[in-house]
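In terms of my numbering, the sequence shown has 124 at position 75, counting the first letter as 1, and numbering is strictly consecutive.
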Amino acid sequence: MNDFYDNDSNCNQSNSAHITVQTYEVIPISTKLGIIEWLDNTRPLKEFIEANYAQAKHDIISQAKPTTKSTSNTIMYAELFISLTKAQVQDEFNKIQSVTPSDLLRRAYYKMTNSYEGFDTLRRQFITSFAVLCTSHYILSIGDRHQSNFLIDTSSE
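If you want it as structure tokens, here you go:
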């Protein structure tokens, strides 16, 4: 992907950031599964955001989750899929969304820096990195992308 971006003049104009994808070693397990090398000073995006979520509001989300007899997430979602109507799912989603602050990622980055300039730099780097990564995944048809599969570099945290 880095060669692809290097050869595209739109990605490497002199007035813009040099677009690259950080690479790392992968040990293939099968044609669809692999283990990545350990990356120091990183946290999954989901954990990074959740760490900045007030515990009181987090408890509201836990209480809003419908309970099932199963402890397996896959089975739980299957049971909920069978038992809930579309309207019930939408109502539960709206309840959770109404108590979730919209600026959790911003709060997380504010905690990593002590100045607005530092925050602005982190924000710009995140936006660029996330956009490049999403574009790369789309081009390469990489699936299974979710907040737990996107790592944030916390070396300045």
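By construction, the Cβ of each residue, glycine as well, lies at the ideal position given by its N, Cα and C atoms.
What you are looking at is a predicted structure, and each value in this text was computed from that prediction instead of being measured.
Contact check, residue i vs residue j, beta carbons under 9 Å
{"i": "residue 163", "j": "residue 93", "result": "no"}
{"i": "residue 54", "j": "residue 76", "result": "no"}
{"i": "residue 180", "j": "residue 100", "result": "no"}
{"i": "residue 204", "j": "residue 89", "result": "yes"}
{"i": "residue 171", "j": "residue 161", "result": "yes"}
{"i": "residue 102", "j": "residue 149", "result": "yes"}
{"i": "residue 72", "j": "residue 56", "result": "no"}
Exposure label - residue i; buried when at least 16 CB within 10 Å
{"i": "residue 176", "result": "exposed"}
Cut-off 7 Å between Cβ atoms - residues of its own chain near residue i, not counting five sequence neighbours on either side
{"i": "residue 201", "result": "91, 92, 94, 97"}
{"i": "residue 194", "result": "186"}
{"i": "residue 105", "result": "Legend: pLDDT at residue 105 = 46, less than 50; position of this residue unreliable, value from coordinates given subsequently. Answer for residue 105: no residue qualifies."}
{"i": "residue 165", "result": "none"}
{"i": "residue 168", "result": "158, 159, 162"}
{"i": "residue 173", "result": "none"}
{"i": "residue 59", "result": "none"}
{"i": "residue 82", "result": "none"}
Contacting residues, own chain, Cβ-Cβ under 6 Å from residue i (five flanking each side not counted)
{"i": "residue 74", "result": "86"}
{"i": "residue 84", "result": "76"}
Nonlocal neighbours in the same chain, by C-beta distance under 8 Å from residue i, ignoring five residues either side
{"i": "residue 196", "result": "93, 94, 95, 98"}
{"i": "residue 10", "result": "Past the boundaries of the shown model lies residue 10; the chain is included only from 50 to 206, so the question cannot be answered."}
{"i": "residue 191", "result": "185"}
Exercise for the section: Give, in chain order, every unbroken run of the alpha helix (DSSP H) that is at least 4 residues long and sits entirely within the stretch 157-199. Expected result: Residue ranges of uninterrupted alpha helix (DSSP H) with 4 or more members, entirely inside the stretch 157-199 and ordered along the chain, are 165-189.
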